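Below: one structure, written as structure tokens.
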Amino acid sequence: MDIGGVIDYLIGFAIMAMIYAVFALGLNVHWGFTGLFNIGIAGFFALGAYTAALLTSPPPDPDQFEDFIFGGNLANHGLLDLGVDAWFLLGLAAAALVCGLVALIIGTITLRLNDDYLSIATLGIAESVRFFFLNEKWAANGSKGLYRIPKFLGDVVAPESYDYLYVVVVLVVMLILFAAVQRAVRSPWGRVLRAIREDEVATAASGKNVFHFKLQAFVLGSMVMGIGGALFAHHVRFLSPLTFDPLLATFVIWAMLMVGGSGNNLGAILGAFVVWGVWAGTQFLPGVLSDPSFRLLMIGVLIVTIMLLRPGGLLGEWRRIVERRPASVAGRDPAGPD
Amino acid sequence: MHSVSSQPQNLAGPSRRYLRRLGLRMSPGRISALLAAGLLTLGFLPFIKLGLVVNGLILGSVIALGAIGLTLVYGILKLGNFAHGDYMALGAYVAFFIVDGVLPRVGIEGAGLGPFTFGFPVLIALPLAAVVVALGAIALDWLIYRRLRDRAASTAILMMASLGVAIAIRGLVQLIWSGETQHYPRESRQVYHLPMDVRIPPDGLFVAVLAVILVAGVYALLTYTKIGKAMRATSDNPTLALVSGINTGRVVWWTWGIGGALAAVAGVLLAVVQAQLLPIMGWKFLIPLFAAVILGGIGNPYGALIGALIVGVSMELSTQWINPSYKPAVAFAIMIGVLLARPRGIFGDAL
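These protein sequence lines are chains A and B, in that order. According to this note's numbering, the first sequence holds residues 1 to 338 in order. According to this note's numbering, the second sequence holds residues 339 to 689 in order.
See the structure below:
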């Protein structure tokens, strides 16, 4: 492999790692800061990706797509004739909006109840979204998938070096989201979230509406995930319901947050790079080590081990409070929502 | 599960007392919920294909076996076990290993036993798989959940760990048996034809009868044995159970043992009914399982049984109007409906 090939590979790797980092940031808002247990990331992943793709893709050719009738086509004519590039940005916003809306509905139903119900409901959402896109061929071409998803600023650079442009796009979006989430969780609002995570009853007793704060956090995190899905759609430019299997769209992201440290946004991004690096790197290993099933097994073992040894993740949360507190309190397990 | 701590009710007639013993105490809310469900069913009756109801009861039996274990673990250990579906899959694959890899070497082979598609080997493998998964579930508790409980970890941490276990089990199953579709040796068999266009596959009859026997066994265990009573007491109030001298450690082992064994049987039966094994079959079954548990009220095994039958029948009936691949989504819709209308479930007490 020549040096150019290596760089191309690394660029592709960085794009995927940063897209995953966006999801890890969203999950961090759910789990890391608020203690909400979302195991249906795949659902928001798919919703965000399909929303962005359907809004920007060209219309289906009736000769080739018998069942598929929906297919956006909003980019080229329609109400807002802005061209593909503006629609890419609108697509990101729409993906966030759709995911936020679904999160609002699910959250309103489940977040008043016991914590467990949210996780079961998110699992149901993930499966239902997949069933929808698998069965409703008119919406997104069913299992044959959606392709011809356009590039953002596709005519600025040559197709073979497009990734060099897109890596910057993803980086910028990721940094904006990082700054936004970081700002949100450092605000008084974010302090309430962490208070809910640590002790819900005490937070409620001090006059905070726990349900509202949880709902806001759930919606915010899901919107971040929606943007991640949209970025993914314009990167791979092919979507099928099979893309969003629980392994690569939910469990890997959990592993990333666990490794990076829940409650630590920088850690979430770092975790995304480390886990994706290990994931992508191990495919060059010989024998059983590169077997996807083996990697699945390892992800499971990793999650259990971290839960047993360091429930706050490997890096853990950086707490400024630590210095101000007496040693007996600060010395406690720097766990997440334990 | 709540009958232990409940105060004796002065009005309890014989039938009421019997229902109470099952943990199915009647209250205005419960009666109206059941009535609403009954009326809804009656209203739909003229449009319903009876054959689908039969299919639904068969599916419901499989869900019930899984859901009873899930609800026991949920009620007693306060753990919504995301690995329960994968315990089912593991059971199905252990049975497959015995049927396909072990028994042929000692000359036990065959399919099409009597009216059934499967053969004698599956009958041998069934209890063995149940024992293996039961021991496995106990071992996993000793390795993982025991430590977390000792540390008084939150339910979210416990559930997260169970998610890790679920992923690991599926990875292991795929690694050993590959992700390809497998099936027990089978021969096609005639289905029984009944009036009104009802067709019952003999396998379905086997599934339903076995489920009834096992549920009766669980009932007897919980009602008449010392360990069963201890389990109910622990479910009601773990601290009280501990201070009144109940060996909660044994209760935990029995809970996992029963849950694991029932899950394994459910997995084998699911593989028989679906005529195939897939590593993901258990994970995909989680939504119906949780729907049944929530519908019946968390921690209530008899509620889970009724919930499972309702979910199973609804899933099958829905195929009359909508695409069959939406069946799990139907279970999810029921669950959301219950969470909206009556989050405790029909027979649940505490939330």
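Just so it is clear, CB atoms sit at the ideal spot from N, CA and C, and this is done for glycine as well. As the structure is a prediction and not an experimental result, all values here were calculated from the model.
To the nearest whole angstrom, what separates the beta carbons of G474 of chain B and P617 of chain B, a pair I think is in contact under 8 Å?
Not a contact, Cβ separation roughly 16 Å.
Which value, in whole angstroms, describes the spacing of the CA atoms of L54 of chain A and G40 of chain A?
22 Å
Residues that H531 of chain B bridges to, as DSSP identifies them
B:R537
Taking the alpha carbon of H235 of chain A as the point to measure from, which residue in A:I3, A:F13 and A:L247 has its own alpha carbon closest?
Of A:I3, A:F13 and A:L247, the residue nearest in Cα terms is A:F13.
Using 8 Å as the cut-off, can you tell me whether the stretch 385-399 of chain B makes contact with the stretch 530-544 of chain B, which would need three or more C-beta pairs spanning the two stretches below that distance?
Yes, since at least three Cβ pairs between the stretch 385-399 of chain B and the stretch 530-544 of chain B fall closer than 8 Å, the two stretches touch.
Would you mind working out which of A:G32, A:G5, A:G4 and A:I11 sits nearest K214 of chain A, comparing C-alpha positions?
It is A:G32.
Going by C-alpha distance, which of B:F623, B:A430 and B:V460 is nearest L441 of chain B?
B:V460
First and last residue of the alpha helix (DSSP H) that includes P58 of chain A?
No alpha helix (DSSP H) holds P58 of chain A; DSSP gives it neither H nor E.
Taking A463 of chain B as the reference, which of B:I482, B:H531, B:A604 and B:L578 has the closest Cα?
B:A604
Based on the DSSP output, what are the partners of Q520 of chain B in its beta bridges?
Answer is B:L615, bridged to Q520 of chain B.
Pair within 7 Å by beta-carbon distance, V470 of chain B and V432 of chain B
yes
Against chain B, with Cβ distances strictly below 7 Å, would L262 of chain A count as a contact?
Sequence inspection shows Ser at residue 262 of chain A; the Leu mentioned does not correspond to that position. By this cut-off, S262 of chain A is not an interface position.
Report the residues of the stretch 504-533 of chain B with a CB closer than 9 Å to any CB of chain A, ordered along the chain.
A504, I505, A506, I507, R508, G509, L510, V511, Q512, L513, I514, S516 and G517
Return the CA-CA distance between Y50 of chain A and T56 of chain A, expressed in angstroms with no decimal places.
10 Å
Whose C-beta lies closer than 7 Å to the C-beta of I19 of chain A among residues of the same chain, with five residues either side of it excluded?
V170, G228, L231, F232 and H235
Using the Cα positions of P286 of chain B and A405 of chain B, report the straight-line distance between them to the nearest angstrom.
Since the first residue shown for chain B is 339 and the last is 689, residue 286 of chain B is missing from the structure and cannot be characterised.
Using a threshold of 7 Å, state whether the C-beta atoms of V606 of chain B and G429 of chain B are closer than that.
yes
Report the neighbours of G418 of chain B on chain A: residues whose CB is nearer than 8 Å to its CB, in chain order.
D116, S119 and I120
Grab me the residues of A17 of chain A's own chain with a C-beta within less than 8 Å of its C-beta, minus the 5 sequence neighbours each way, in chain order.
A272, F273, W276 and G277
Are there 16 or more other CB atoms within 10 angstroms of the CB of Y166 of chain A, so buried, or fewer, so exposed?
buried
Taking DSSP's pairing of strands, which residues face L146 of chain A in a bridge?
DSSP links L146 of chain A through a beta bridge to A:L239.
Buried or exposed: which applies to L377 of chain B, given that a residue is buried once 16 or more other Cβ atoms fall within 10 Å of its Cβ?
exposed
Classification of N348 of chain B by the beta-carbon crowding that lies within 10 angstroms, buried from 16 upward:
With a pLDDT of 43 at N348 of chain B, under the threshold of 50, the modelled position of this residue cannot be trusted; read the value that follows with caution. Within 10 angstroms of the beta-carbon of N348 of chain B lie fewer than 16 other beta-carbons, which makes it exposed.
Can you give me, in chain order, the residues of the stretch 656-687 of chain B that have a beta carbon less than 7 Å from any beta carbon in chain A?
N661, S663, Y664, P666, A667, F670, M673, I674, L677, L678 and P681
Less than 7 Å separating the beta-carbons of L410 of chain B and G645 of chain B?
no
Counting only the same chain and skipping the five closest in sequence on each side, list residues whose C-beta sits under 6 Å from that of I446 of chain B.
P459
Counting only beta-carbon atoms, is M653 of chain B nearer than 7 Å to chain A?
Not one chain A Cβ lies under 7 Å of M653 of chain B.
Is N38 of chain A close to chain B? Criterion is C-beta to C-beta, closer than 7 Å.
no
Using three-state DSSP, classify A205 of chain A as helix, strand or coil.
helix
The stretch 239-259 of chain A in contact with the stretch 292-304 of chain A per 3-pair CB rule at 8 Å:
In short, these stretches touch, since the Cβ pair count reaches three.
Residue span of the alpha helix (DSSP H) that contains P286 of chain A, given as start and end:
Where P286 of chain A is concerned, there is no enclosing alpha helix (DSSP H), given that its DSSP letter is neither H nor E.
Close Cβ partners of R508 of chain B (< 6 Å) along its chain, the five nearest in sequence each way excluded
D424 and P617
By the three-class DSSP mapping on this structure, what secondary structure does P311 of chain A have?
coil
Please work out which residues of its chain come closer than 6 Å, Cβ to Cβ, to A348 of chain A, disregarding the five sequence neighbours upstream and downstream, and give them in chain order.
Outside the displayed range of chain A (1 to 338) lies residue 348 of chain A, so it cannot be described from this structure.
Is DSSP giving Q216 of chain A helix, strand or coil here?
helix
Along chain A, in chain order, which residues have C-beta atoms closer than 9 Å to that of F544 of chain B?
Within 9 Å Cβ-Cβ: nothing; F544 of chain B doesn't reach chain A, min ~29 Å.
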